[in-house]
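Below: the structure, in structure tokens.
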Amino acid sequence: MTRLTQEQRPIPIMDEPEMSFGEPWQAEAFATALQLSHGGLYSWTEWVQAFSAIIREQPQRADESIGDAYYRQWLAALERLLAHKAVLREEDVTTRQALWHLAYLHTPHGQPVSLNQVEQIADPCAALERASLTPAPHAHHHHHHAQGPAAPTPIAVSPGRAATR
């Protein structure tokens, strides 16, 4: 039986580290890049070179966190490598982005966004352009309120006074 001495104390468990992925698409982009490299589409050296080039060309913007910049750059590097390998055309990316945007516009608030409702659209880019030119009501509630009586004005609440005897 092993006795723990002062020097061999177990390390105390700290709070769990922050989540690595802020959004599901970040985890998907990360896993996709790893899987494509593992599958032999490109070497890890090619990945590092592409990712490094994107980081140099597209540094963190003032309006984004380090994590947001990292995954934006990660996705841009993945898109560039796939285009370079002739696996993905820019037109494919633009079309898919338009489909996701349309799916978002047609998804009720609080529901997961899915391509099921929009994948049959033949030209999603044109449909998205038409949708942006003609504002039509959609399933999301963005706090647009009809012109009418003014909303009630909030009142201030102050702490009560203690009763004196």
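For what it's worth, my numbering labels the leading residue of the sequence shown as 381, then goes sequentially.
Note that the Cβ used here is the ideal one computed from N, Cα and C, for glycine as well.
Since we're looking at a predicted model, the values are computed, not measured.
From THR425 to ARG436, what does the alpha carbon distance come to, in whole angstroms?
Spanning the two alpha carbons is a distance of roughly 17 Å.
Locate the alpha helix (DSSP H) running through SER432, then write down its first and last residues.
That run of the alpha helix (DSSP H) goes 424-437.
What residue does the alpha helix (DSSP H) around LEU416 start on, and which one ends it?
Where LEU416 is concerned, the enclosing alpha helix (DSSP H) stretches over 404-418.
Grab me the residues of ILE342's own chain with a C-beta within less than 7 Å of its C-beta, minus the 5 sequence neighbours each way, in chain order.
No statement about residue 342 is possible, as the shown extent of the chain runs from 381 to 545 and does not include it.
Count Cβ pairs between the stretch 447-458 and the stretch 482-497 that sit closer than 8 Å; are there 3 or more?
Judged by Cβ distances under 8 Å, the stretch 447-458 makes no contact with the stretch 482-497, as fewer than three pairs qualify.
Return the CA-CA distance between ALA433 and TRP427, expressed in angstroms with no decimal places.
Each residue's alpha carbon lies about 10 Å from the other.
By DSSP, does ILE501 sit in helix, in strand, or in coil?
DSSP places ILE501 in coil when its eight states are reduced to three.
Buried or exposed for HIS524, going by 16 or more other Cβ atoms inside 10 Å?
Only weak support is given to the placement of HIS524: the predicted model assigns it a pLDDT of 43, under 50, and the value that follows is read from those uncertain coordinates. Label assigned to HIS524: exposed.
Tell me the residue span of the alpha helix (DSSP H) that contains ARG452.
Start and end: 446-464.
Alpha carbon to alpha carbon, how far is ALA516 from LEU508?
With a pLDDT of 48 at ALA516, under the threshold of 50, the modelled position of that residue is not reliable, and no figure is offered here.
Indicate whether LEU458 and ALA413 have their beta-carbon atoms separated by less than 8 Å.
Yes, the Cβ-Cβ distance between LEU458 and ALA413 is below 8 Å.
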